[in-house]
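For the sequence shown, this note's numbering assigns the number 223 to the initial residue and increments by one for each residue that follows. Glycine residues also receive a C-beta, built at the ideal position from the N, C-alpha and C atoms. Quantities reported herein were computed from a predicted structural model and do not represent experimental measurements. Written below as structure tokens is the structure these notes are about.
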Amino acid sequence: MTVALRSIERVRYENLFIGGAWVAPEDGGMIESIEPATGQPWATVAYGGRRDIDKAVAAARTALEGPWGRMPGHERAAIMRRFADLYRDRAGDLAVLETRDSGRALREARADISGHTHGYHWWASLADKGAGRTIPFDDSVHIFTSRVPVGVVAAITPWNVPLMAAAWKLGPALAAGCTVVLKPAEQTPVTSLELGRIIEQAGFPPGVVNVVPGFGKDGAGEYLVAHPGVDKIAFTGEGSTAKAILRTGAETMKRFTFELGGKSPHIIFADADIEQALNAATNSAWTLCGQSCALGSRVLVQRPVYNRVLEAFRERAKQVRVGQPLDEATHMGPQAHEEQLAKTLSYIDIGKGEGAELVAGGERLSGGAYGNGYFVQPTVFGGVTNAMRIAREEIFGPVAALIPFDEEEEAVSIANDTTYGLTAGLWTQDIGRAHRVSAKIKAGMVWVNTYRFIRWSTPYGGFKASGWGRENGIEALDAYLDTRTTVMSTTGRFPDAYAN
Ligand code: NDP
């Protein structure tokens, strides 16, 4: 199947997945999805308009109030497990489709996507464990809490990792008993629709998960956020979009979780195992062609090892095989779309203009094997200060900014001197320093002597402008559950306040 998918020139998805059926858009239409490796359209995909969203939300509500809402947790878990197994069986195909749609290297996409199946199984195991608690008071009352699904969830996902972003939302939402309308980014709708096929095969009741690609601003995304039938928005994307969503969703008092950007510090102390630190720092600077929110894009290097690290970055940049993402040998594919390529190239110009030293890369790759694809070289800037825009703003391209420092305190201060607070890494063999520094970093996830270790069971999310709430980990369930407190009198007596 995987081989067949690769050889197919173009694919068509003419329908939306609503209420368990594949239906033509009512007031949406068809969009072309561009293959970033070629710059050419490769998929024709249905997108939804307002009436389609109305239908999807109504289907999600019907499922919530009907079969899914009434289904015992262990039965929901059984369907989720069936889905997880089917997802595992299709992981190879999903990886190929995601590679074609988003440009991420196949070897990297496959490793990521095959891991989602464990996540879905893990969430299934939590579907019947949403216990409340009893609250001791006195013998006149019995007080207990119940956890109830928050309702219909709009899952709005970005273009860099469509299936991962969907998994992080669908897992806890379904475990909590919610129903979902999934709207992928307009640039990468294909794998979310393919996900709809697996949902269909798994035997979920109609409407539990609906997939409606569409536009964000002034389109399906904004309409979902405003929709009175939607209870919660689970969003991954840019901070400016999150603010717009907050404003729109305020009218109907929605619940929100936001996974937003990052400008993560990756600190290499002189006492670190430098080779291991380099493995992590170079990979986390360039993986996904730099299109990961957890990227270690600010590499803080203690001065005694600064030149060694800088030279190693220069050398290792040459070893990165940039190429056609479906090629098994390729390490790094293209940027996911043309605007992102332009954004990355503009930041490379900004870095040069700010006086940073261009150590490696810095150019678009085109012609020959690269054709009109959105390829760019892995890029390294040295001598960066934290005041420079390339150290302050999220580029979302494969651009590492090396920032020298002297003392531990200075590293902490530079690390925290950012509006973001998503992830951070530090490398040291001094255990006291590992504890001191990790405790002072203002980020939702801190890695010590490793980087980008993210699993379904590890809570993930941002401090500061990097987001609200957590995805993954048991903590993620909180965002999909409401708490009902029941106070029951054991006597049934209530004094008449107006008797005297
Ligand atoms: P955007 O914020 O542009 O878009 C994200 C999603 O929101 C898309 O589906 C988009 O639709 C939709 N959208 C856009 N405007 C609105 C609106 N007004 N109302 C409702 N929905 C809307 O982000 P990108 O797709 O550009 O993704 C890249 C960003 O995601 C990066 O900044 C990155 O930091 C962040 N990110 C964060 C992660 C994390 O876990 N913290 C993980 C991955 C990415 P459309 O495509 O049609 O515009």
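A Cβ-Cβ separation of about 6 Å places Ala516 in contact with Gly484 under the 8 Å criterion.
Distance from the CA of Val374 to the CA of Glu550, rounded to the nearest whole angstrom, comes to 40 Å. Between the alpha carbons of Ala424 and Thr321 lies a distance of about 24 Å. Using a cutoff of 7 Å, the CB of Asn382 counts as near the ligand NDP, since one of the ligand's heavy atoms is closer than that. Counting C-beta pairs closer than 8 Å gives fewer than three between the region 596 to 605 and the region 362 to 371, which falls short of the contact rule.
Counting C-beta pairs with one atom in each stretch, the region 344 to 353 and the region 298 to 316 have three or more that are closer than 8 Å, which means they touch. Counting along the chain, the unbroken alpha helix (DSSP H) around Ile570 starts and ends at Glu560 to Gly575. Bounds of the beta strand (DSSP E) holding Met710 are Leu703 to Ser711. Put simply, the backbone Cα of Thr712 is about 34 Å away from that of Asp453. From the listed residues Pro380, Val447 and Gly459, the smallest Cα separation to Arg469 is found for Val447. Relative to the non-hydrogen atoms of the ligand NDP, the Cβ of Leu482 comes within a distance shorter than 7 Å of at least one. Annotation for Val531: the continuous alpha helix (DSSP H) segment containing it runs Arg525 to Gln541.
Residue nearest to Phe239 within the set Glu231, Ile253, Ala278 and Glu248 is Ala278 (criterion: CA-CA distance).
With 16 or more neighbouring CB atoms inside 10 Å of its own CB, His338 falls in the buried class. The nearest non-hydrogen atom of the ligand NDP is 7 Å or more from the C-beta of Thr680.
In the three-state DSSP reduction, Tyr592 falls in the helix class (H, G or I). If you look at His343, you'll find it isn't in any beta strand (DSSP E); it sits in the alpha helix (DSSP H) that goes Leu328 to Ala346.
Using a 10 angstroms sphere on the CB of Pro394, the tally of other CB atoms reaches 16 or more, which defines it as buried. The C-beta of Ser635 has fewer than 16 other C-beta atoms within 10 Å across all chains shown, which makes the residue exposed. Phe685 has its Cβ no nearer than 7 Å to any heavy atom of the ligand NDP. Ranked by Cα distance from Ala656, the options Lys465, Ala582 and His488 are led by His488. DSSP lists Gly251 as the bridge partner or partners of Tyr269.
In the DSSP assignment, Ile240 falls outside any alpha helix (DSSP H) and lies within the beta strand (DSSP E) extending over Leu238 to Ile240. Straight across, the Cα-Cα distance linking Tyr342 with Glu257 is about 28 Å.
Distance from the CA of Lys565 to the CA of Gly443, rounded to the nearest whole angstrom, comes to 23 Å. If you draw a 10 Å sphere on the C-beta of Lys540, you find fewer than 16 other C-beta atoms in it, and that means exposed. Checking the DSSP bridge columns, you'll see Tyr682 partnered with Glu693. Collapsing the DSSP output to three states places Thr474 in coil. Pairing Glu254 with Asp274 gives a Cβ-Cβ distance that is not under 8 Å.
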